[in-house]
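Take any residue in the sequence shown, count from 1 to its spot, add 22: that is its number in the working numbering.
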Amino acid sequence: MSRTVPPTLGTPPKPPRPTEPTDKRATGLIAGHITRGGSGPCYGLVSEDGVEYALHGPGAGDLTEGSFVTLRISARPSGVDCGPGVRASIITR
23 MSRTVPPTLG TPPKPPRPTE PTDKRATGLI AGHITRGGSG PCYGLVSEDG
73 VEYALHGPGA GDLTEGSFVT LRISARPSGV DCGPGVRASI ITR
């Protein structure tokens, strides 16, 4: 065996700081599967994050149970009960 001392590697460089995600969604948008569908005005949705929403959307049309949708929502006053979940209103344009 050789008596040569192996070279030292030194301290590894620090990893770069994390950057902001490039695929940010606009505020007020949720995406998920419809769990209570029909012609409305009340719907149910479970978001991609697993959050259940109770949606109120007069004029939102037919939303088929099981379909994947992206909706623009806003906070809803407590006057309308659309079932279990975070209360929100569907914004239609």
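The C-beta atom is built at its ideal place from N, Cα and C for all residues, glycine as well.
- Look at C104 and A76 and say whether their C-beta atoms are less than 7 Å apart. yes
- Task: Determine which residues share a DSSP beta bridge with R58 and list them.
- Result: G66
- Task: Return the chain-ordered list of same chain residues with a C-beta closer than 6 Å to the C-beta of R58, the five sequence neighbours on each side being excluded.
- Result: Y65 and G66
- Query: In the structure shown, what three-state DSSP assignment does R94 receive?
  - Reply: strand
- Proximal residues to R98 (C-beta, below 6 Å), its chain only, five neighbours per side dropped: H78, R109, A110 and S111
- Distance between P34 and E74 (C-alpha atoms, nearest Å): 45 Å
- Roughly how many angstroms separate the alpha carbons of G88 and S61, rounded to a whole number? 14 Å
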